[in-house]
Amino acid sequence: MRFLECITTAVFLCSSYSGYANQTSNYAIKSFSNANIVDVNNGAIIENSFLVLNGDTIEYVGQTLPKRYLHLDTLDAQGQYVMPGLIDTHAHISLGEVTLKETRGRLAINANSSDELSKWNAKELLRWGVTFIRNPGGSSIHNLKYKQELAAGNIIGPKALIAGEIINRGEFDGLTIDINKNMSLQTAIGQQKDAGIDIIKLYAGLSDQQVKEAIKIGHKFDMKVIGHLEEVSWTDAANWQIDGLVHAMPISSKLLPKEAKEQYEKHSRPGAFAHFEWYESADLNSIPMLELYQALRENKVHVDPTLIAFKNSFYGDSQHVIGHPNLKHVHPELLNNWKTFFTFNIGWKPEDFSRARKVWPKVLSFVNRLYKEGVPLTIGTDLGNPWVIPGFSVHQEMQLFADAGIPNSDILRMATINAAEQLNIAEHHGSIEQGKASNLLFLKNNPLENIANTKTITKVFLAGNLVNDQFDQ
260 MRFLECITTA
270 VFLCSSYSGY
280 ANQTSNYAIK
290 SFSNANIVDV
300 NNGAIIENSF
310 LVLNGDTIEY
320 VGQTLPKRYL
330 HLDTLDAQGQ
340 YVMPGLIDTH
350 AHISLGEVTL
360 KETRGRLAIN
370 ANSSDELSKW
380 NAKELLRWGV
390 TFIRNPGGSS
400 IHNLKYKQEL
410 AAGNIIGPKA
420 LIAGEIINRG
430 EFDGLTIDIN
440 KNMSLQTAIG
450 QQKDAGIDII
460 KLYAGLSDQQ
470 VKEAIKIGHK
480 FDMKVIGHLE
490 EVSWTDAANW
500 QIDGLVHAMP
510 ISSKLLPKEA
520 KEQYEKHSRP
530 GAFAHFEWYE
540 SADLNSIPML
550 ELYQALRENK
560 VHVDPTLIAF
570 KNSFYGDSQH
580 VIGHPNLKHV
590 HPELLNNWKT
600 FFTFNIGWKP
610 EDFSRARKVW
620 PKVLSFVNRL
630 YKEGVPLTIG
640 TDLGNPWVIP
650 GFSVHQEMQL
660 FADAGIPNSD
670 ILRMATINAA
680 EQLNIAEHHG
690 SIEQGKASNL
700 LFLKNNPLEN
710 IANTKTITKV
720 FLAGNLVNDQ
730 FDQ
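Heads up, the sequence shown is in the numbering used here, so the first residue is 260 and it goes up one at a time.
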């Protein structure tokens, strides 16, 4: 049992391009007519529009075509819906299998990473219209290599902001830095800044004081700081000016009412059991939770719920998760790892799955409450973790937001312009406007009417290049 507790406590993160059809590196001006533009800023459709792309930039969008473009061969978009490329704010693009290794007579957990995985996932992300990602942790070497290869034009994939090894107290080779054992917070964060890492991520093993100090140090280095926190209260982290929190699991006992807190601390089990046991004890209308909503809203802390990762875990004994037809798009190394060893729900019994499914509506209610309280939300998937399908999972995540009662127009904003604003890339990404990046999805059907219509992709443009023309999906 100690083996299972080790795994579930320690672990939560939170190819070739020849398969692209009609891929082109042609930067000639492209002009489209009869396009229905999805205006994510206003939650509206601008019908019968013209769209002009000049290389990697949107040069013009409007309902009349200026004379200077009349000489162009204009392509008829045939009334398709054109929206900005999607942003996955939680994509561990280089992360591979999780294993146990014996080191100096003891078992140690290890996460593999590779450039091959980055290339595979990049292709699959583009397949489903994801043109920008935030990679919230992993191997600095491989995450930096991905950005360098993109910049050099050696690979094609979504642009990225990246974290390196996650700052933690406790060992997880290939994924974290054990600051208690190896180095100080100042040194760990400074080294990542010097290496070219964009974001600092803090992990669940840190103490209150370490989280507070790491936020200050990260900001001193002019870096955004995000956290996957558990016993450290989200309320405290928000008041300490953390920039973002990940996973819809604010599972600190400090956020429970007094009596529930005592019972939870007495009877809760370690690791991923807490993902449903905390919700069984939580009162989303209690004073601690009301204080949490206020702290997140007032400090403008964005939350990346990664609902699909938990839906996959809570329903991880169901064929629609572990037998999903789109698992064929997962890298074989990862898929084999999930089938043979690593899942979030290691050690769960049938009654645990039953309890988890019973509280699932409460998880959705929590995300709905964050939305109603004005907490900024983004769409992230936890790509790299069990049963999360690269690219396709972004559409699953948006559907779960719809299941939580969030309007389609707001979900589209969360997946585009809101995410761009939170990542400080909105000057060039997140909406279809003159001067922004020509990262676009062409859809058969209107996503404002049904969020599932984001899956009706016919074309994906990345920096003005057609990288997809009706992939085999």
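The beta-carbon is built from N, C-alpha and C at its ideal position, and this holds for glycine as well.
Item, Value
"Residue 355 beta carbon less than 8 Å from that of residue 384", "no"
"Whole runs of the alpha helix (DSSP H) within the region 495-551, excluding any shorter than 4 residues", "517-526, 533-540"
"Straight-line Cα distance separating residue 364 from residue 636", "44 Å"
"Cut-off 7 Å between Cβ atoms - residues of its own chain near residue 703, not counting five sequence neighbours on either side", "339, 715, 717"
"Close-in-space but distant-in-sequence residues of the same chain around residue 334 (CB under 8 Å, 5 per side omitted)", "289, 290, 291, 292"
"Alpha-carbon to alpha-carbon, residue 331 and residue 394", "39 Å"
"Neighbourhood of residue 299 by C-beta, 6 Å cutoff - its chain only, sequence neighbours within 5 removed", "671, 672, 675, 676, 690"
"Assigned secondary structure, residue 684 (DSSP; H/G/I helix, E/B strand, else coil)", "coil"
"Alpha helix (DSSP H) runs wholly inside the region 423-458, at least 4 long, in chain order", "444-454"
"Best match in 344, 606, 571 for proximity to residue 643 [C-alpha to C-alpha]", "571"
"Alpha helix (DSSP H) segments (min. 4 residues) lying fully within the region 576-644", "578-581, 591-599, 609-631"
"Euclidean distance between Cα positions of residue 705 and residue 311", "21 Å"
"Segments of 3+ residues assigned as beta strand (DSSP E) that fall wholly inside the region 289-315", "289-298, 303-313"
"Rounded Cβ spacing between residue 699 and residue 302 (contact assumed at less than 8 Å)", "Going by Cβ atoms, the distance from residue 699 to residue 302 rounds to 18 Å, so no, they are not a contact pair."
"6 Å CB neighbourhood of residue 721 in its chain, flanking five on each side removed", "390, 698"
"Contact between the region 612-625 and the region 564-578 (3+ Cβ pairs under 8 Å)", "yes"
"Where residue 287 sits in the DSSP three-state scheme", "coil"
"One or two residues paired with residue 343 in a DSSP bridge", "699"
"Any 3 or more C-beta pairs closer than 8 Å across the region 478-486 and the region 450-461", "yes"
"For residue 486, the first and last residue of its enclosing beta strand (DSSP E)", "483-486"
"The region 503-522 in contact with the region 545-562 per 3-pair CB rule at 8 Å", "yes"
"Proximity below 8 Å, CB of residue 436 to CB of residue 447", "yes"
"Three-state class that DSSP yields for residue 367 in the structure shown", "strand"
"Whether residue 406 touches residue 374 by CB criterion (8 Å)", "no"
"Contact under 8 Å by Cβ, residue 493 with residue 511", "yes"
"Top-ranked residue by Cα proximity to residue 397, from 411, 326, 357, 294", "357"
"Endpoints, beta strand (DSSP E) assigned at residue 335", "333-335"
"Nearest to residue 422 (by Cα), restricted to the options 629, 503, 318", "503"
"The region 527-545 contacting the region 605-621, beta-carbon criterion three pairs below 8 Å", "yes"
"Status (buried if at least 16 other CB within 10 Å, exposed otherwise) for residue 542", "exposed"
"Short Cβ contact (8 Å threshold) for residue 380 with residue 433", "no"
"Buried versus exposed call for residue 329 [16 or more other C-beta atoms within 10 Å across all chains shown]", "exposed"
"Residue range of the unbroken beta strand (DSSP E) whose run includes residue 573", "Where residue 573 is concerned, there is no enclosing beta strand (DSSP E), although the alpha helix (DSSP H) it sits in stretches over 566-573."
"Within 8 Å, strictly: CB atoms of residue 399 and residue 361", "no"
"Rounded separation between residue 724 and residue 701 - CA only", "13 Å"
"CA-to-CA distance, residue 388 to residue 719, given in whole angstroms", "6 Å"
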